[in-house]
Amino acid sequence: MAIASINPATGETLKIFEPLNDSEIAAKLDLAGRVFPNYRKTSFSERSQWLKQAATILQQEKADFAKTMTLEMGKPYKAAIAEVEKCALVCNYYAEYAPSFLADVDVKTDASHSFVRYQPLGAILAVMPWNFPFWQVFRFAAPALMAGNVGLLKHASNVPQCALAIEDILHRAGFPQGAFQTLLIGAAQVADLMADDRVKAATLTGSEPAGASLAAAAGKQLKKTVLELGGSDPFIVLPSADIETAVVAATTARMLNNGQSCIAAKRFIIAEAIADKFEKLLLDKFLALKVGDPMQPDIDLGPLATSDILQDLHQQVQSAVNSGGKVLTGGKPLSDGPGNFYPPTIITDIPLDKPIAQEEFFGPVALLFRVPDIDAAIELANATPFGLGASAWTTNNQECDRLTTEIEAGAVFINSMVKSDPRLPFGGIKRSGYGRELSIQGIHEFVNVKTVWVK
Ligand code: NAP
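In my numbering, the protein residues as written are 10 to 464.
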């Protein structure tokens with residue numbers, strides 16, 4: 010795959026980059042290896058200061074960074090601004106809390122002094138996706154750098170300008186040269202990186218095949234990985250819920266980032282008693298969404314990030330229809346002009362035994378399922394290979410308790426859409442991956458948890 014910025018709203022090629030050759034990659038690995046022994050000796054207060062400065066740069070230049078994102082991958086500009094602000098938030102969060110998350114923890118034993126000490130591992134490789142091109146990287150970089158690790162970024166091949174901008178921000182913020190480096194390389198070069206002694210561990214956010222491939226390469230070298238993969242998250246609405254509020258959240262949760270979010274609500278599981286009302290209100294909301302140039306402030310839905318994603322999504326929609334699904338609105342690409350535009354789409358009546366009912370739709374397509382009761386809702390919610398984040402709507406305490414306990418997912422949000430928050434761990438189970446990002450759990454993924462015993 011070429012490393013190129015192509016505007017998904019127009020098809021225009023903005024910039025093409027040559028992937029790094031072997032000797033350029035070797036030079037960057039060499040630098041990472043040389044910088045780490047010194048970088049790990051920097052103090053928390055130095056690292057905090059640099060990370061806070063990164064937050065300041067993000068805030069001051071958010072208009073430029075947001076434009077780069079929107080032009081490279083098509084998210085609405087207003088969402089891109091919010092993404093840059095969230096990156097500043099996660100930088101400030103770890104700048105403040107990392108020292109306490111990584112402080113020695115005394116444990117009483119029969120030693121004169123025993124404790125746990127958290128120490129950095131070295132160079133950590135981050136293989137990242139294009140859908141939140143800043144946020145995905147900063148939520149890795151902020152804890153990794155605070156822990157004293159150095160970072161190597163292999164970003165998705167369609168967002169090279171974002172990748173270079175992030176390296177530049179961290180360098181300008183004060184981090185030493187080489188503490189965080191962007192490698193403009195293709196996916197095929199990742200396995201060789203995992204085999205290099207200087208790369209100690211890796212994190213990947215992306216698809217199942219990419220995760221499996223990275224985990225296999227890391228496994229051969231006995232190196233740790235964290236995987237944040239796909240989801241086909243349920244959005245359950247039970248009769249006691251505030252339906253109007255649920256429909257507003259359902260629309261936002263499905264359309265976020267032009268429908269291309271791992272934690273987007275993808276399967277809407279609605280109690281039969283309220284299903285007609287929910288379906289009608291959701292249809293009204295979808296019909297009111299404005300699709301178009303993502304740089305315009307009033308646009309709700311921009312283009313899909315690449316023409317391949319558009320084709321894959323449409324094939325899934327056709328497969329849903331061939332399996333018996335009915336299209337309430339949308340259902341084919343918008344063809345009046347250039348760009349990868351797909352309209353808000355609702356599909357009902359997909360038989361549950363069809364494989365397509367379990368797949369992840371990475372675009373603005375909602376699948377609606379009707380269930381008789383909470384038992385059937387939970388059974389259907391769990392009937393997928395994924396387990397990332399579930400949203401469920403009810404005002405009944407017993408139902409709330411059952412939903413939070415019985416749903417198989419890394420997160421359950423009641424009466425709210427699923428979202429990431431620096432203060433809370435983020436990650437999945439089943440084929441959605443393993444390990445956690447954010448919060449104290451996230452910063453503990455890439456450290457040596459060292460036991461110290463002094464007699
Ligand atoms: P993708 O193709 O897997 O790409 C993600 C990253 O992995 C890119 O940098 C890509 O590089 C690289 N890659 C692809 N194949 C690889 C391989 N065999 N070995 C090593 N690296 C490889 O993902 P996508 O389809 O663009 O992104 C969408 C998926 O990501 C969805 O399933 C979504 O749910 C998931 N996602 C999950 C989370 C989460 O936090 N759980 C967040 C966002 C997205 P190239 O671009 O060079 O191919």
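C-beta: ideal position from N, C-alpha, C; glycine also.
- For Ala13, the Cβ stays outside the 7 Å cut-off from all heavy atoms of ligand 1.
- For Tyr351, the secondary structure class from DSSP, reduced to helix, strand or coil, is coil.
- Sequence-distant Cβ neighbours of Ala165 in its own chain, meaning closer than 7 Å and more than five residues away, are Met137, Pro138 and Trp139.
- With a contact defined as Cβ atoms closer than 8 Å, Leu192 and Lys163 qualify at about 5 Å.
- For Gly333, the three-state secondary structure derived from DSSP is coil.
- In this structure, the CA atom of Ser429 is about 25 Å from the CA atom of Phe53.
- Counting C-beta pairs with one atom in each stretch, the stretch 72-90 and the stretch 300-309 have three or more that are closer than 8 Å, which means they touch.
- Restricting attention to Ile356, Gln320, Gln407 and Ile25, the CA atom closest to the CA of Pro342 is found in Gln320.
- Note on geometry: alpha-carbon atoms of Leu40 and Gly187 lie some 6 Å from one another.
- For Val93, the Cβ stays outside the 7 Å cut-off from all heavy atoms of ligand 1.
- Under the 10 Å beta carbon count, Asp242 is surrounded by 16 or more other beta carbons and is classified as buried.
- With a cutoff of 7 Å, Ser222 counts as near ligand 1, since its C-beta is closer than that to a heavy atom of the ligand.
- Taking the Cβ of His180 as the reference point, every heavy atom of ligand 1 lies at 7 Å or farther away.
- The stretch 364-380 makes contact with the stretch 268-288; the number of CB pairs closer than 8 Å reaches 3 or more.
- Gln269 sits buried, since 16 or more C-beta atoms from the chains shown fall within 10 Å of its C-beta.
- Inter-residue distance for Glu92 and Phe141 is about 8 Å (C-alpha atoms, whole angstroms).
- When only Cα atoms are considered, Ile359 and Ile438 end up about 25 Å apart.
- For Cys271, the shortest separation between its Cβ and any heavy atom of ligand 1 lies below 7 Å.
- Collapsing the DSSP output to three states places Phe110 in a helix.
- By the neighbour-count definition (other C-beta atoms within 10 Å, threshold 16), Pro353 is a buried residue.
- The beta carbon of Lys95 sits closer than 7 Å to those of Trp144, all from its chain and outside the five residues before and after it, given in chain order.
- With a cutoff of 7 Å, Ser216 counts as near ligand 1, since its C-beta is closer than that to a heavy atom of the ligand.
- In the DSSP assignment, Lys24 forms a beta bridge with Ser14.
- Exclusion of the five residues before and after Ala63 leaves Cys100, Ile178, Leu179 and Ala182 as the residues of its chain whose Cβ lies within less than 7 Å of its Cβ.
- At a cut-off of 7 Å, the beta-carbon of Ala219 counts as near ligand 1: some heavy atom of the ligand is closer than that.
- A heavy atom of ligand 1 is found nearer than 7 Å to the CB of Met137.
- In the DSSP assignment, Lys289 falls within the unbroken alpha helix (DSSP H) covering Glu281 to Ala297.
- Judged by DSSP in its simplified three-state form, Asp345 adopts coil rather than helix or strand.
- Listed as beta-bridge partners of Lys61 by DSSP are no residues whatsoever.
- DSSP assignment within the stretch 188-233 yields the following whole alpha helix (DSSP H) runs of 4 residues or more, N-terminal first: 199-204 and 217-229.
- Closer than 7 Å to some heavy atom of ligand 1: that does not describe the Cβ of Leu319.
- In the structure shown, the three-state DSSP call for Ser429 is coil.
- Distances between the C-beta of Val380 and the heavy atoms of ligand 1 are all 7 Å or more.
- In this structure, the straight-line span from the alpha carbon of Glu33 to that of Phe189 is close to 15 Å.
- Relative to the non-hydrogen atoms of ligand 1, the Cβ of Ala196 comes within a distance shorter than 7 Å of at least one.
- Scanning Gln198, Tyr106 and Phe45 for the CA closest to the CA of Lys61 turns up Tyr106.
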